[in-house]
Amino acid sequence: MTLKILVIDDETEIAEIIRDLLEMEGYKVESAYDGKSGIEVYLKSKPDLIITDNMMPLMSGVEMIKSIREIHGDKKVKIILSSAGLMHQNVKIEWDLFLRKPPNIEEILKAIQTLFPERDEKQSN
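Going by the numbering used here, the sequence shown opens with residue 1, and the numbers climb by one from there.
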């Protein structure tokens, strides 16, 4: 089964580049451009993985993650948070992996393999 990924970034070029590269790798990818629309797309598409920026208008990545975790308290969806800045130590970690922004495609693919080792093997077959 194809891994479904939601990419959220207010820098549309970054979101589209990541989306296009992941689609070339065989993943099914949706995108959103702020935290609020990220939640809306999440509720519609039910992705296996969210890759999100932190600093976004309307709702930050961390705020969006908290909302999603409240919806699915069991942490079913995996989340990669990406940010150019350092995260404050007083922030409760609600995501599975952190990547410095801008992440390159190799870092993203390695992160996906780390979070979904069995599915990644199937994806490449």
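Glycine residues also receive a C-beta, built at the ideal position from the N, C-alpha and C atoms.
Inter-residue spacing [alpha-carbon to alpha-carbon] between residue i and residue j
{"i": "Glu121", "j": "Val62", "result": "Because the pLDDT of Glu121 is 49, which lies under 50, any placement of that residue in the model is unreliable, and the question is left without a value."}
{"i": "Ala84", "j": "Lys46", "result": "27 Å"}
{"i": "Tyr33", "j": "Ile50", "result": "13 Å"}
{"i": "Ile5", "j": "Pro103", "result": "16 Å"}
{"i": "Leu115", "j": "Leu109", "result": "10 Å"}
{"i": "Glu16", "j": "Ile68", "result": "22 Å"}
{"i": "Glu70", "j": "Met24", "result": "32 Å"}
{"i": "Leu58", "j": "Gly38", "result": "11 Å"}
{"i": "Gly26", "j": "Met56", "result": "27 Å"}
{"i": "Gly73", "j": "Arg100", "result": "26 Å"}
Beta-bridge pairing of residue i - partner residues as DSSP gives them
{"i": "Lys101", "result": "None; Lys101 has no bridge partner."}
{"i": "Leu131", "result": "In this structure the chain extends from 1 to 125, so residue 131 is not present and cannot be described."}
Cβ neighbour criterion (16 or more within 10 Å) applied to residue i
{"i": "Leu3", "result": "buried"}
{"i": "Leu43", "result": "exposed"}
### Task
Any chance you could list the alpha helix (DSSP H) runs of at least 4 consecutive residues sitting entirely within the stretch 1-66, in chain order?
12-24, 35-45
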